[in-house]
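*Asks:* One structure coming up, written as structure tokens, with questions to follow.
Residue numbers (the UniProt record's numbering), protein chains in the order written: chain A, 1 to 327; chain B, 1 to 327.
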């Protein structure tokens with residue numbers, strides 16, 4: 001057996017952890033890292049934002065479409081985005097990984113490299129401070145992210161006011177197009193994945209495929225928005241319209257988008273963009289990452305060019321998951 | 001269809017969350033609860049201990065041996081124990097739950113009730129501040145716990161000194177006996193579970209079965225140990241000897257147990273007790289929950305009555321998991 005082909009079942013939990021710890025990104029804000037009952041994270045201003053997400057083989061990713069590296073990158077990036085969407089800076093992650101015993105150590109190392117590179121690229125100083133490794137018939141990641149506010153007030157979903165401008169940082173619609181391309185070209189009706197077609201999709205549509213498999217949410221834009229006086233913000237994970245409706249409902253206002261500024265229907269309803277959607281006072285100086293896409297209006301719900309837009313949008317892991325369709 | 005028999009696939013993610021939020025315990029230390037991109041937890045002294053654990057159907061529990069209530073209770077209790085083992089007080093949990101679409105809403109509500117009752121009984125004031133719900137072919141829980149030190153210094157594994165006394169809070173060996181009883185009596189060779197035998201095991205061995213399925217780690221003993229000057233501490237999850245070896249290695253000492261004080265072989269090597277194992281200066285006044293079981297000695301590793309004890313102990317989720325055996 002080649003050492004690089006060893007499985008995590010063969011070498012066991014302890015040896016697998018010893019292989020991945022050196023790869024994982026380290027945190028600037030920890031006084032005690034992995035290896036004790038807990039890690040200890042410092043929280044300078046006494047308030048810690050915390051968010052958790054599951055990423056499950058099947059509904060959240062397919063092995064073959066995603067490499068281990070991509071799975072680690074996306075699990076990291078999407079949790080960083082939830083911290084950024086509060087106006088906070090991500091500081092620390094804990095990661096639970098469950099995988100079959102037959103999983104190669106190399107695959108798990110690739111996941112760790114994805115975490116390292118995503119944290120380094122998107123939120124330097126944020127690291128993995130602890131975790132758990134277990135045995136399951138499919139690959140599952142459970143990521144919890146912590147952050148710090150460092151002098152800004154948290155930006156929730158409920159502070160939007162009539163007359164605010166609505167702005168977005170990061171592309172919209174690419175992740176949906178990437179998923180459609182991958183499902184159309186690389187997944188057969190029986191659910192099997194064609195690796196050549198995946199490589200061709202990367203080559204022909206690199207921006208869209210990367211947005212789906214290896215997203216780069218604008219993490220620094222979250223804190224920049226808070227510093228610029230954002231009144232409400234969230235991470236666009238379920239599609240712009242559905243997520244905007246969450247701000248509208250929490251704030252008791254309507255949000256009216258300009259279609260020409262948003263782009264197209266994919267940008268309005270496609271999920272997994274992990275853009276930052278924020279509302280700002282009319283006189284705020286918007287951070288460079290943001291572009292204006294609409295305004296906060298009286299009423300409720302979401303409008304596009306002044307007309308109520310009631311497409312369902314979003315994604316339910318139970319109702320909407322199919323092994324062979326991206327819809 | 002009776003409303004109580006509805007499945008989470010039928011009612012979807014949003015409606016399921018709406019059913020369980022009112023059941024979950026609430027945290028005294030949150031300024032923003034579930035429903036935004038993050039929850040916000042207050043950390044008075046600027047240091048937050050964080051721990052995460054996966055509980056997976058199969059290696060960690062069997063539906064039929066455990067009810068939903070037991071699964072929630074144990075997932076909560078074991079994470080609280082990791083916070084307590086630092087000398088900290090648990091303040092907040094985030095919970096990821098994945099389950100098949102055919103899971104009943106009632107089962108998920110029972111999990112939430114288990115969290116509620118465990119947090120209320122073991123760590124009043126600690127609550128669930130956020131989470132995620134997703135779709136998987138088996139039930140998986142990912143729990144992350146946060147805490148606060150509130151005037152004590154963190155107790156790690158590395159501070160034990162020669163001459164310290166070694167003490168334990170909480171029973172040892174019961175959880176292992178409970179698991180053996182359940183596997184011997186309630187699981188057939190084909191892996192199927194006999195619900196009548198489970199009920200009979202509860203009736204005939206309530207202490208051992210409860211220790212396995214619904215453990216009550218001595219959470220307050222963790223902080224009490226820190227206040228009493230504990231030099232090292234951990235939560236006994238993999239068996240007393242294996243966990244004591246972790247303190248011995250981290251501290252560069254040996255630990256010598258008195259068998260008469262520990263009890264028997266199950267107490268030395270059985271896992272999942274979630275007792276607190278701590279070292280104290282000889283002149284410390286031990287908190288009432290602790291009993292002396294040995295001493296810190298020169299050398300390395302673990303001894304029992306002065307003789308090196310090298311049983312492997314512990315449990316590896318890959319090497320040691322079998323569908324039909326508790327070993």
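Note that CB positions come from ideal geometry on N, CA and C, so glycine has one too.
By Cβ distance, which residues of its chain are closer than 7 Å to residue 11(B), with the 5 residues on each side in sequence left out?
*Replies:* 105
*Asks:* Any beta carbon from chain B within less than 8 Å of residue 333(A)'s own beta carbon?
*Replies:* With chain A running from 1 to 327 in the structure shown, residue 333(A) is simply not present.
*Asks:* Would you call the CB atoms of residue 171(B) and residue 273(B) closer than 8 Å?
*Replies:* yes
*Asks:* For a contact meaning CB atoms closer than 8 Å, what does residue 50(A) contact in chain B?
*Replies:* 38, 39, 40, 41, 92, 94, 129, 130, 144 and 146
*Asks:* Would you say residue 318(A) faces chain B, with C-beta separation under 8 Å as the test?
*Replies:* yes
*Asks:* Taking 8 Å as the CB-CB limit, is residue 12(B) close to chain A?
*Replies:* Yes, because at least one Cβ of chain A sits closer than 8 Å to the Cβ of residue 12(B).
*Asks:* With DSSP collapsed to three states, give me the class of residue 317(A).
*Replies:* coil
*Asks:* Which stretch, first to last residue, makes up the beta strand (DSSP E) that contains residue 49(A)?
*Replies:* 47-56
*Asks:* Kindly indicate which residue of 213(A), 92(A), 165(A) and 36(A) has the alpha-carbon position closest to the one of residue 49(A).
*Replies:* 92(A)
*Asks:* Along chain E, in chain order, which residues have C-beta atoms closer than 9 Å to that of residue 101(B)?
*Replies:* Absent from the structure is chain E; the protein chains it does hold are A and B.
*Asks:* What span of residues does the alpha helix (DSSP H) with residue 164(B) cover, start to end?
*Replies:* Element bounds for residue 164(B): n/a, residue is neither H nor E.
*Asks:* Would residue 5(A) pass as an interface residue toward chain B - the criterion being a Cβ-Cβ separation below 8 Å?
*Replies:* no
*Asks:* Looking at the structure shown, is residue 117(A) part of a helix, part of a strand, or coil, going by DSSP?
*Replies:* helix
*Asks:* Consider the Cβ of residue 164(B): report whether some Cβ of chain A lies at a distance smaller than 8 Å.
*Replies:* Output row for residue 164(B): interface = no.
*Asks:* Taking only the alpha-carbon atoms, compute the straight-line gap between residue 228(A) and residue 167(A) and give it to the nearest angstrom.
*Replies:* 12 Å
*Asks:* Nearest to residue 86(B) by CA position, among 152(B), 66(B), 99(B) and 282(B), is which residue?
*Replies:* In this structure, 152(B) is the residue among 152(B), 66(B), 99(B) and 282(B) with its C-alpha nearest to the C-alpha of residue 86(B).
*Asks:* Does any residue of chain A have a CB that is nearer than 8 Å to the CB of residue 44(B)?
*Replies:* yes
*Asks:* Starting from residue 135(A) and walking both ways along the beta strand (DSSP E), at which residues does that stretch end?
*Replies:* 127-135
*Asks:* Using the Cα positions of residue 163(B) and residue 269(B), report the straight-line distance between them to the nearest angstrom.
*Replies:* 24 Å
*Asks:* Report the three-state DSSP secondary structure of residue 106(B) (helix, strand or coil).
*Replies:* helix
*Asks:* Take every Cβ of the region 61-74 of chain A, pair it with every Cβ of the region 44-62 of chain B, and state whether three or more of those distances are shorter than 8 Å.
*Replies:* The region 61-74 of chain A makes no contact with the region 44-62 of chain B: fewer than 3 CB pairs, one atom from each, lie closer than 8 Å.
*Asks:* What ranges does the alpha helix (DSSP H) occupy inside the region 151-213 of chain B, keeping only unbroken runs of at least 4 residues that lie completely in it?
*Replies:* 174-186, 195-204 and 206-213
*Asks:* By the 10 Å Cβ neighbour count, where 16 or more other Cβ atoms means buried, how is residue 283(A) classified, buried or exposed?
*Replies:* exposed
*Asks:* So residue 53(A) contacts chain B; which residues on that side make the cut at Cβ distance below 9 Å?
*Replies:* 96, 132 and 134
*Asks:* Can you give me the start and stop residues for the alpha helix (DSSP H) that residue 265(B) sits inside?
*Replies:* 265-269
*Asks:* Could you tell me which chain A residues have their CB closer than 9 Å to the CB of residue 85(B), listed as they occur along the chain?
*Replies:* Chain A residues near residue 85(B): 36, 37 and 38.
*Asks:* Compare the C-beta of residue 329(B) with all C-beta atoms of chain A and state if any pair is closer than 8 Å.
*Replies:* This structure cannot speak to residue 329(B), because chain B is shown only from 1 to 327.
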